[in-house]
Amino acid sequence: MKKTTVFVISVFILLSFLMRSPVYANKSDNGEYYKLTVYHFKDASQEKIIDSYLQNALLPALHKMSIKNVGVFKALSNDTSADKLIYVFMPVKSLDEVNIITTKLQTDESYQSSGQEYLNAAYNNSPYTRMETILLHAFPLAPKMNLPQLHSSKKDCVYELRSYESPTEKIHANKVQMFNRGGEIDLFKRLNFNAIFYAQVIAGCKMPNLMYMTSFENMQDREAHWKSLAMMLSGKNCLQRRNIKTMFRISILLFYIRQIILIFKDPLIFFYHIDI
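Each residue of the sequence shown is one higher than the one before, starting from 198 at the first, in the numbering used here.
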């Protein structure tokens, strides 16, 4: 059974700044790694502390380390949701770099000073209720993230993060194979889903799991793209009938995968790239 949860997300801060397991090796020649941090918070006071920390302490510190393409997202549904969320997305060169970044932050006096309200918060006045860290490894056919190529006004652009939680490792492996050898990545390219990344979760609280992010000019553009894909899955697009066998395999498999959809909507900037 497929369960879908939809969130509407707004990009809050995005600046341009710059991971890999010993199991795979120590460099990114086999694909980037991504760190996704999720802050859960309950009220405006916690939100203010997190905002200040990210904007004035963490992102400037990462910039000094030449860390590129960090994305910070806030849910539009935060106004009504009890469990409010902020997402921080960061691609890194290796898993070792995650520890290196942490060590450098501990000795960065400017970071420590600018983020003291967050870093030195009392146990009974924490800046969040919980914090999650998810580590991902890019797929072989999408080894590096792509900056979005959108032309609409920033307030209209839509970014969508999909998470496929499989019930077993075998089903997860089959799904990952479908994205790579099965042609799903190629299909999304041909339909111009403008994907940012494709990756499998290698550490997180919900596994086995894979995630990918697509981007669209606006919500209408998003609906049109998914409608086009649905037509292919149902065999109505005669020009793509050679893909129907693969598409039906995908449709059948999705019945056994819990699919979580997060829609990122951008009123400001998504990935604003600064050459360093």
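C-beta: ideal position from N, C-alpha, C; glycine also.
Excluding the 5 residues preceding and the 5 following residue i in the sequence, name in chain order all residues of the same chain whose CB lies nearer than 7 Å to its CB.
i    : result
K301 : M262
F394 : Y231, A335, A339, M342, Y409 and M410
L426 : L388
H422 : L388, F390 and F413
Q309 : L316
M404 : V398
S349 : E414 and N415
Tell me which residue opens and which closes the beta strand (DSSP E) that residue i is part of.
i    : result
A318 : Segment: none, A318 is in no beta strand (DSSP E) and carries neither H nor E.
H369 : That residue, H369, is in no beta strand (DSSP E); its alpha helix (DSSP H) goes E366 to N377.
I382 : That residue, I382, is in no beta strand (DSSP E); its alpha helix (DSSP H) goes E381 to R387.
Q397 : F394 to A400
H422 : Element bounds for H422: not the beta strand (DSSP E) but the alpha helix (DSSP H), M416 to L430.
E244 : Unbroken run through E244 is the alpha helix (DSSP H), A241 to Y250; no beta strand (DSSP E).
K352 : Element bounds for K352: n/a, residue is neither H nor E.
M410 : N406 to F413
F390 : It is not in any beta strand (DSSP E) - F390 carries neither H nor E in the DSSP assignment.
M328 : R327 to A335
T234 : Y230 to F238
A272 : V267 to A272
If I'm right that residue i touches residue j with Cβ under 8 Å, what's the distance once you round it to whole angstroms?
i    : j    : result
E306 : S249 : Not confirmed; about 17 Å, so no contact.
L292 : L332 : 7 Å
N391 : L347 : 7 Å
V235 : E329 : 4 Å
K265 : A272 : In fact, because the Cβ distance is near 24 Å, the residues do not count as touching under 8 Å.
T326 : F238 : 6 Å
Go to residue i, then tell me how far its alpha helix (DSSP H) extends in each direction, as first and last residue.
i    : result
P288 : Looking at the DSSP string, P288 is not in any alpha helix (DSSP H); the run it does join, the beta strand (DSSP E), is K281 to V289.
N296 : L292 to Q303
A258 : L256 to K261
E306 : E306 to S311
Could you pull out every residue in the same chain whose Cβ sits closer than 8 Å to the Cβ of residue i, ignoring the five residues on either side in sequence?
i    : result
I246 : E314, Y315, A318 and P324
N275 : E244, K281 and L282
Within its chain, find whatever has a CB closer than 6 Å to the CB of residue i; leave out the 5 residues flanking it on each side and keep chain order.
i    : result
N377 : F336, P337 and L338
L233 : F286 and I331
S311 : N253 and A254
I399 : L332 and H334
G401 : I331
R419 : V355 and F413
In or out: residue i buried (at least 16 other Cβ within 10 Å) or exposed?
i    : result
E366 : exposed
Y320 : exposed
I298 : buried
C354 : buried
E244 : buried
A396 : buried
Is the shortest distance between the beta-carbon of residue i and the beta-carbons of chain D less than 8 Å?
i    : result
L233 : Protein chain content of the structure displayed is limited to a single chain, and chain D is not contained in it.
Nearer than 7 Å: is that true of the beta carbon of residue i relative to any heavy atom of the ligand ATP?
i    : result
Y308 : As presented, the structure is devoid of all ligands, the ligand ATP included, so that no description of it is given.
>> With three or more C-beta pairs closer than 8 Å as the rule, is the segment 329 to 343 touching the segment 413 to 421?
In response: They do not touch, by the three-pair rule.
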